[in-house]
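Visitor: Sharing a structure, written as structure tokens. Questions coming.
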Amino acid sequence: MKVQKNGRVARFRPVGRQFGFVVLLMALAGCGGGQSALNTAGREAASIALLFWVMLCGAVVLWLLVNGAFYYVSRIAPGRLDTRHARSVLIGGGIVLPVVVLTALLAWGLSILPDPRRPGDGLVVRVTGEQWWWRVEYWPEGAETPIVTANEIRLPAGQRTEFRLAADEVIHSFWIPALGGKMDMFPGRETMISLAPERPGVYRGQCAEFCGASHAWMAFAAVVMPPEAFDDWLAAEAADAVPPTDEAALRGQEVFLSEGCGACHTVRGTEAVGTVGPDLTHIGSRRTLGAGRSTVTLENLGTWITHTEALKPEVRMPSYALSEGDLADLTQYLKGLK
Amino acid sequence: MSEEHQPRREEDAKEFAEEQASLFKITFGPLIWAVHFVVCYGLVAVTCAKGWDIFATRLGLVLLSALALGGIGWVGWSAWRQWNPSRTGDPMNRGSRAEDRHHFLGHAAFLLSIISLIGVVFVSMPLILIGGCQ
Chain A
1 MKVQKNGRVA RFRPVGRQFG FVVLLMALAG CGGGQSALNT AGREAASIAL
51 LFWVMLCGAV VLWLLVNGAF YYVSRIAPGR LDTRHARSVL IGGGIVLPVV
101 VLTALLAWGL SILPDPRRPG DGLVVRVTGE QWWWRVEYWP EGAETPIVTA
151 NEIRLPAGQR TEFRLAADEV IHSFWIPALG GKMDMFPGRE TMISLAPERP
201 GVYRGQCAEF CGASHAWMAF AAVVMPPEAF DDWLAAEAAD AVPPTDEAAL
251 RGQEVFLSEG CGACHTVRGT EAVGTVGPDL THIGSRRTLG AGRSTVTLEN
301 LGTWITHTEA LKPEVRMPSY ALSEGDLADL TQYLKGLK
Chain B
1 MSEEHQPRRE EDAKEFAEEQ ASLFKITFGP LIWAVHFVVC YGLVAVTCAK
51 GWDIFATRLG LVLLSALALG GIGWVGWSAW RQWNPSRTGD PMNRGSRAED
101 RHHFLGHAAF LLSIISLIGV VFVSMPLILI GGCQ
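Protein chains in written order, with the UniProt record's numbering: chain A, 1 to 338; chain B, 1 to 134.
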């Protein structure tokens, strides 16, 4: 508020407008980024986005028509309409138009509905919703054992990948907005969705069904790669963990095993074969830590191990009180698991 | 109104009997729609749960839909004749005579059969556009 020379308080009138502008900017910011259904990178998402835009434009046209008609009868030509005219407006605008528009939208919607149910081109990815992370198994065509990883999903561009979805304890929902529509995951029941990503890039998936205290922290990175790069990555992912070479990491591996981390976590190629928590064989090369909670840096690894419950409420993994030296060694070991 | 035009008792009874019948008639369109809806959703769900042949179910339900549309068409046609706006010259039937009520119920049944027809078409569309149980 500003006090003018004459002592009056000047009303700062454009505040409302500026506030509205800021809110609009904030809302529009949600349209971009890696987790936007409007910033599409796959066929399923593109058809949903097209449907959205058509419906949005249609809604704007309808809004203009309804308000235009209201303006016309209340301001431009007030008074009674003749019965014949009024009836044609009622029947045309109230019955014929909605029936035609809704039938067309229904037919369109139903025609794109079967797309994400189509079988994949070969690769099958099994994803299980856990409390609150994602167990991921890659089953390339003809594979007898899966390639197990967690909290990150990589897909080859230009191919349709089939997802087989399940859940451990409660209902979750698998959703990568930039690639396609979501699918619920149920304990004791398998659901299926197939996605055809087209544009390589890093996107974000998120659990879309409230599943408990850390539901909001149940995310993952979805990386779409050119097919050759994907094949190379999958081959590297299938390999055992690289044994540590430097001394700190070697000490870290001992800390890992002596603290009992292996009871819950697997690091392939070591004695750690637990399956309660996420597989850590290649944790060092993942884009996120703790199912999208933070990035994999030495500092974040340390914070995660010592403040797990603070970062992810009600998570099963307890916070560990380690000496500074042990913690530094342990994070060095984990970061080196590329 | 002269004495001889007063309706006799049995004439009244006949008129009202017809009106009772047409009160039922206005429910026929929505009833066919409702039965069609329940049978479509129920049978597809049971077929998928039991692993029966979905193609046979779809074919049967498409035939059932054609039958339902025919039934509603027939109800609508008979309601149109009862309403009879072109012959009476009065589509609204605001009067309070039994005859006005008779025409008005025809009007209502006709409009309900239109919406039931649209309902059955909408319920049938997934049968044609979505294949299988996935």
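Beta carbons are placed, not taken as given, at the ideal position from N, Cα and C, and that holds for glycine.
For residue 71 (chain A), which three-state DSSP category applies?
Guide: Helix, per DSSP.
Visitor: Assign residue 181 (chain B) to buried or exposed, taking buried as 16 or more other Cβ atoms, counted over all protein chains shown, within 10 Å of its Cβ.
Guide: Residue 181 (chain B) is absent from the model: chain B starts at 1 and stops at 134.
Visitor: Taking Cβ positions, are residue 184 (chain A) and residue 160 (chain A) nearer each other than 8 Å?
Guide: Not closer than 8 Å, so no.
Visitor: Assuming the contact rule is C-beta atoms closer than 8 Å, residue 222 (chain A) and residue 179 (chain A) should be a hit. Round their C-beta distance to whole Å, please.
Guide: Rounded, the Cβ-Cβ distance is 7 Å, consistent with contact.
Visitor: Using beta carbons (cut-off 8 Å, strictly below), is residue 107 (chain A) in contact with chain B?
Guide: Chain B, which has a Cβ nearer than 8 Å to the Cβ of residue 107 (chain A), makes this yes.
Visitor: Tell me the DSSP bridge mates of residue 339 (chain A)?
Guide: This structure cannot speak to residue 339 (chain A), because chain A is shown only from 1 to 338.
Visitor: Can you give the Cα-Cα distance for residue 276 (chain A) and residue 201 (chain A), rounded to whole angstroms?
Guide: Going by the C-alpha atoms only, they are around 30 Å apart.
Visitor: Measuring straight from C-alpha to C-alpha, what distance separates residue 176 (chain A) and residue 104 (chain B)?
Guide: Cα-Cα distance, rounded: 55 Å.
Visitor: I'd like to know whether the C-beta atoms of residue 220 (chain A) and residue 292 (chain A) end up nearer to each other than 8 Å.
Guide: Cβ atoms of residue 220 (chain A) and residue 292 (chain A): closer than 8 Å.
Visitor: Note down, in chain order, each residue of its chain lying with its Cβ closer than 6 Å to the Cβ of residue 130 (chain A), except the 5 sequence neighbours on either side.
Guide: Same-chain partners within the cutoff: 168.
Visitor: I'd like to know if the segment 105-120 of chain B and the segment 23-36 of chain B are in contact, where contact means that at least 3 CB-CB pairs between them fall below 8 Å.
Guide: Contact between the segment 105-120 of chain B and the segment 23-36 of chain B is present, because at least three Cβ pairs lie under 8 Å.
Visitor: So residue 118 (chain B) contacts chain A; which residues on that side make the cut at Cβ distance below 7 Å?
Guide: Neighbours of residue 118 (chain B) on chain A, chain order: 99.
Visitor: Between the segment 119-134 of chain B and chain A, which residues of the former have a C-beta closer than 8 Å to a C-beta of the latter?
Guide: Those residues of the segment 119-134 of chain B that come within reach of chain A (Cβ to Cβ, closer than 8 Å) are 121, 122, 125, 126, 129, 130, 131, 132 and 134.
Visitor: List the residues of chain B whose Cβ lies closer than 7 Å to the Cβ of residue 111 (chain A), in chain order.
Guide: Per Cβ cutoff of 7 Å: 129.
Visitor: Got a sec, what are the start and stop residues for the beta strand (DSSP E) residue 202 (chain A) sits in?
Guide: 201-207 is the extent of the beta strand (DSSP E) around residue 202 (chain A).
Visitor: Roughly how many angstroms separate the alpha carbons of residue 65 (chain B) and residue 239 (chain A), rounded to a whole number?
Guide: Looking at the two C-alpha atoms, the distance is approximately 57 Å.
Visitor: Just to confirm before moving on: does the CB-CB distance between residue 137 (chain A) and residue 286 (chain A) stay below 8 Å?
Guide: Cβ atoms of residue 137 (chain A) and residue 286 (chain A): not closer than 8 Å.
Visitor: Taking the straight line between their C-alpha atoms, what separation do you get for residue 102 (chain B) and residue 85 (chain A)?
Guide: About 27 Å.
Visitor: Show which residues of chain B have a CB atom less than 9 Å away from the CB atom of residue 114 (chain A).
Guide: Correct list: 129, 130, 131, 132 and 134.
Visitor: Are the CB atoms of residue 132 (chain A) and residue 217 (chain A) within a distance shorter than 8 Å?
Guide: Yes, they are a contact pair.
Visitor: Am I right that residue 338 (chain A) and residue 242 (chain A) are in contact with their C-beta atoms under 8 Å? What's the rounded C-beta distance?
Guide: Indeed, because the Cβ distance is near 6 Å, the residues count as touching under 8 Å.
Visitor: Based on the DSSP output, what are the partners of residue 273 (chain A) in its beta bridges?
Guide: Paired residues: A:266.
Visitor: Quick check on residue 172 (chain A): does DSSP put it in helix, strand or coil?
Guide: Residue 172 (chain A): strand per DSSP, three-state reduction.
Visitor: Distance check for residue 198 (chain A) and residue 40 (chain A), CA to CA, integer angstroms please.
Guide: Straight-line Cα distance between these residues: approximately 9 Å.
Visitor: In the DSSP assignment, find the unbroken beta strand (DSSP E) run with residue 192 (chain A) in it and report its ends.
Guide: That run of the beta strand (DSSP E) goes 191-195.
Visitor: Using DSSP bridges, identify the partner residues of residue 220 (chain A).
Guide: Answer by DSSP bridge pairing, in chain order: A:205.
Visitor: Within 10 angstroms of its Cβ, does residue 45 (chain A) collect 16 or more other Cβ (buried), or is it exposed?
Guide: With 16 or more other Cβ atoms within 10 Å, it is buried.
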